[in-house]
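J.: Residue numbers (our numbering): 1454 to 1704.
Even glycine gets a Cβ: it sits at the ideal position worked out from N, Cα and C.
Quick caveat, the model's predicted, so the values are computed rather than measured.
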Ligand code: ATP
Ligand code: MG
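1) Kindly examine the ligand ATP and report whether one of its heavy atoms sits closer than 6 angstroms to the Cβ of residue 1691.
2) Let me check understanding here. Comparing Cα to Cα, which of 1466, 1455, 1700, 1498 lies closest to residue 1581?
3) Could you tell me whether the stretch 1590–1598 touches the stretch 1508–1521, using the rule of 3 or more Cβ pairs below 8 angstroms?
4) How many whole angstroms separate the CB atoms of residue 1572 and residue 1486, which I take to be in contact at a CB cut-off of 8 angstroms?
5) Locate the beta strand (DSSP E) running through residue 1491, then write down its first and last residues.
6) Does the structure place the stretch 1578–1592 close enough to the stretch 1543–1561 that three or more beta carbon pairs sit under 8 angstroms?
7) Can you tell me the Cα-Cα spacing of residue 1480 and residue 1650, whole angstroms?
8) Evaluate residue 1704 with the Cβ neighbour count: other Cβ atoms within 10 Å of its Cβ, from every protein chain shown; 16 or more gives buried, anything less gives exposed.
9) Hey, would you say the C-beta of residue 1497 is under 6 angstroms away from at least one heavy atom of the ligand MG?
10) If you measure between the beta carbons of residue 1578 and residue 1459, is that distance less than 7 angstroms?
11) Quick check on residue 1536: buried or exposed, where buried means 16 or more other Cβ atoms within 10 Å of its Cβ?
12) By alpha-carbon positions, which one of 1457, 1701, 1681 ends up nearest to residue 1576?
13) Confirm, please, whether the CB-CB distance from residue 1464 to residue 1632 is below 7 angstroms.
14) Under a Cβ-count criterion, where at least 16 other Cβ atoms within 10 Å of its own Cβ denotes burial, should residue 1520 be classed as buried or exposed?
15) With distances taken from CA atoms, which of 1666, 1556, 1534, 1509 is nearest residue 1641?
16) Could you check if residue 1771 belongs to the surroundings of the ligand ATP, using beta carbon to heavy atom distance under 6 angstroms?
17) Tell me whether residue 1680 is buried or exposed, calling it buried when 16 or more other Cβ atoms sit within 10 Å of its Cβ.
18) Say yes only if the C-beta of residue 1470 is nearer than 6 angstroms to one or more non-hydrogen atoms of the ligand MG, and no if none qualify.
19) Please report the residue range of the beta strand (DSSP E) in which residue 1598 lies.
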């Protein structure tokens, strides 16, 4: 126990947050203690799990500025077995605020180290290879990369893998690529199938067997502040994220 997974892809809108929320919720449903940390100033994981992001005082921003202890930023049991550290737009300033701090790449790692033993920790990264994403990769044991089944799927992947390797070399020698998970798969189109085949041919990395389908219920759930297993427990989205949770647990 005590595994830390960063969900990262600098491409926007590929399903990072949807995966962070629903993988966390499905791991929690299976009895694992989960801490999901929102490391994106957009705060989509925070609001998607029903927290009014603009009304929270203790966020990951205050933790990174070392104004509060990480344990004081944890919102406990928002669902059974599921804790969260929220984020909001204030986090956008962190890069500048921390510019003079020595070893700023390790801030998140040092904070998480004091609580990690109790948890699966899931980190939802912003769509960039910024200081925040580097902090997440430095803190993490593995990086999980969601890839949207669309034409430009492979674009940027080389850069992402290069960054992971750089972090591994300079900051976190034990970092591994957890694997790639395909998202928003549309079985009615040839394109989705072609993208999966193409990525499989080009990527010599772990690829999860579970493929997340395009499912409208997954897109609706955040507006109700619920993970998919609570919003529509029998939907294809819920079933697929449960399968992904099983695969993650078996690794
Ligand atoms: P960003 O880079 O902005 O953080 P992201 O990578 O976190 O984006 P999401 O926010 O998870 O991506 O997803 C982008 C949009 O696609 C959202 O509106 C989300 O509801 C929708 N979406 C994600 N996965 C699915 C899916 N499997 N089926 C249908 N809609 C989905
Ligand atoms: Mg997101």
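T.: To lay it out plainly:
1) no
2) 1466
3) no
4) 5 angstroms
5) 1487–1491
6) yes
7) 28 angstroms
8) exposed
9) yes
10) yes
11) buried
12) 1457
13) no
14) exposed
15) 1666
16) Residue 1771 is absent from the structure shown; the chain starts at 1454 and stops at 1704.
17) buried
18) yes
19) 1595–1601
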